[in-house]
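Have a look at this one:
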């Protein structure tokens with residue numbers, strides 16, 4: 001007889017794609033998989049296209065600052081708790097797995113009220129507000145970073161790593177070079193700024209394009225609406241808004257990467273042993289989690305951090321040269337790290353329930 005598991009998490013792709021990585025590896029003959037998310041969040045699109053039963057609830061944005069919307073959102077969260085409780089009573093799951101995000105809080109509170117075991121995973125070095133609230137209700141808490149344990153109850157917290165998409169680890173470098181039209185003679189540098197791109201990184205790359213293409217073959221994933229058609233035919237330079245199906249092959253062909261500091265992305269590069277320059281979102285752009293993620297990776301010898309405030313064409317090319325010189329040492333450190341793929345460990349923890 002199948003067990004039922006409910007996944008939750010949303011608000012951004014970073015709260016959903018790790019759940020998908022886990023779901024893809026679960027045994028359908030043993031598990032009936034359901035998902036509870038918001039009515040308009042990105043999780044709805046990502047989950048429903050995989051034909052996973054999806055249940056909508058109301059949710060309110062969780063803010064760390066005073067705002068009139070906070071009052072309204074309290075009622076949205078309370079409504080979400082009631083909707084989640086009705087849904088869970090109907091589904092009767094053996095387990096709830098949460099990846100955080102504002103929609104997860106009503107689900108966690110409802111699950112606790114029904115005495116359903118709850119597992120939560122925190123990817124960033126410092127927990128988001130949703131997981132800070134949810135920790136008191138959780139049965140077990142998993143983290144990607146060792147440093148994160150200090151923010152949670154020690155007796156129920158385990159450092160387990162980040163769940164890495166299996167398909168990202170199985171790329172073919174030769175297919176990647178063929179897709180890009182690149183040859184074997186020069187290293188491949190991939191710049192990834194997220195689905196919407198990263199304006200200042202895009203500018204720094206393009207302003208130093210001639211110097212970069214003297215040493216590298218450059219893949220520029222510039223984000224939606226950010227292609228520069230005047231550079232479309234430059235030799236050794238390929239720009240895409242984003243790459244989906246071919247991404248694993250592109251990363252297999254990649255020697256170096258420039259990236260934002262989102263935990264899911266940098267843990268994938270760690271698992272692939274790709275030396276990286278991390279340009280984290282600033283504190284004005286985020287809650288500062290990417291800066292702490294990047295500092296941790298730099299201290300462990302997995303990356304070089306370049307803060308956006310200091311990003312120029314000159315600092316970019318200088319740090320790339322430093323990265324080239326550190327490549328072999330960095331890759332040995334990455335390969336020896338135990339802070340990598342937590343997918344199998346998470347699957348084993350789920351099976352224990």
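Residue numbers (full-length UniProt numbering): 1 to 353.
C-beta: ideal position from N, C-alpha, C; glycine also.
In this text the structure is predicted, and so the values were computed from the model without any measurement.
For the candidate residues the options, whose alpha-carbon lies nearest to that of residue i?
i	options	result
residue 33	3, 39, 187, 15	3
residue 139	114, 145, 126	114
residue 210	31, 75, 237	237
residue 357	91, 77, 49, 55	Past the boundaries of the shown model lies residue 357; the chain is included only from 1 to 353, so the question cannot be answered.
residue 73	50, 106, 47	106
residue 93	172, 320, 7	7
residue 199	187, 227, 174	227
residue 52	5, 40, 156, 164	5
residue 339	213, 320, 301	301
residue 235	186, 257, 191, 271	186
residue 287	24, 315, 125	125
residue 208	333, 231, 223	231
residue 110	127, 129, 89	89
residue 311	20, 205, 141, 28	205
residue 243	212, 193, 112	193
Quick one: what's residue i bridged to in DSSP?
i	result
residue 37	56
residue 168	DSSP lists no partner for residue 168.
residue 142	121, 158
residue 238	219
residue 96	6, 118
residue 257	190, 276
residue 32	4
Would you give the residue range spanned by the alpha helix (DSSP H) that residue i belongs to?
i	result
residue 111	104 to 113
residue 49	No alpha helix (DSSP H) holds residue 49; DSSP gives it neither H nor E.
residue 215	209 to 215
residue 17	17 to 24
residue 250	247 to 253
residue 132	129 to 134
residue 230	From DSSP, residue 230 is part of no alpha helix (DSSP H); its letter is neither H nor E.
residue 351	343 to 352
residue 176	173 to 180
List the whole-angstrom C-beta distance separating residue i from residue j, where the pair is believed to meet the contact cut-off of C-beta under 8 Å.
i	j	result
residue 80	residue 108	The pair is not a contact, with the Cβ atoms about 11 Å apart (cut-off 8 Å).
residue 269	residue 259	7 Å
residue 83	residue 100	With 8 Å as the limit, residue 83 and residue 100 do not qualify as a contact, their Cβ atoms being about 19 Å apart.
residue 180	residue 253	7 Å
residue 320	residue 277	7 Å
residue 120	residue 271	That pair is no contact at about 22 Å.
residue 137	residue 350	Not really, about 18 Å apart at Cβ, beyond 8 Å.
residue 48	residue 55	About 11 Å separates the two Cβ atoms, so there is no contact after all.
residue 87	residue 36	6 Å
residue 355	residue 275	Lying outside 1 to 353, the shown extent of the chain, residue 355 is not represented and no answer is given.
residue 162	residue 18	7 Å
Over what stretch of residues does the beta strand (DSSP E) that includes residue i continue unbroken?
i	result
residue 303	303 to 305
residue 120	118 to 122
residue 3	3 to 8
residue 188	188 to 192
Legend entry - Within the segment 259 to 332, ranges of the alpha helix (DSSP H) (whole runs, at least 4 residues): 263 to 271, 289 to 299
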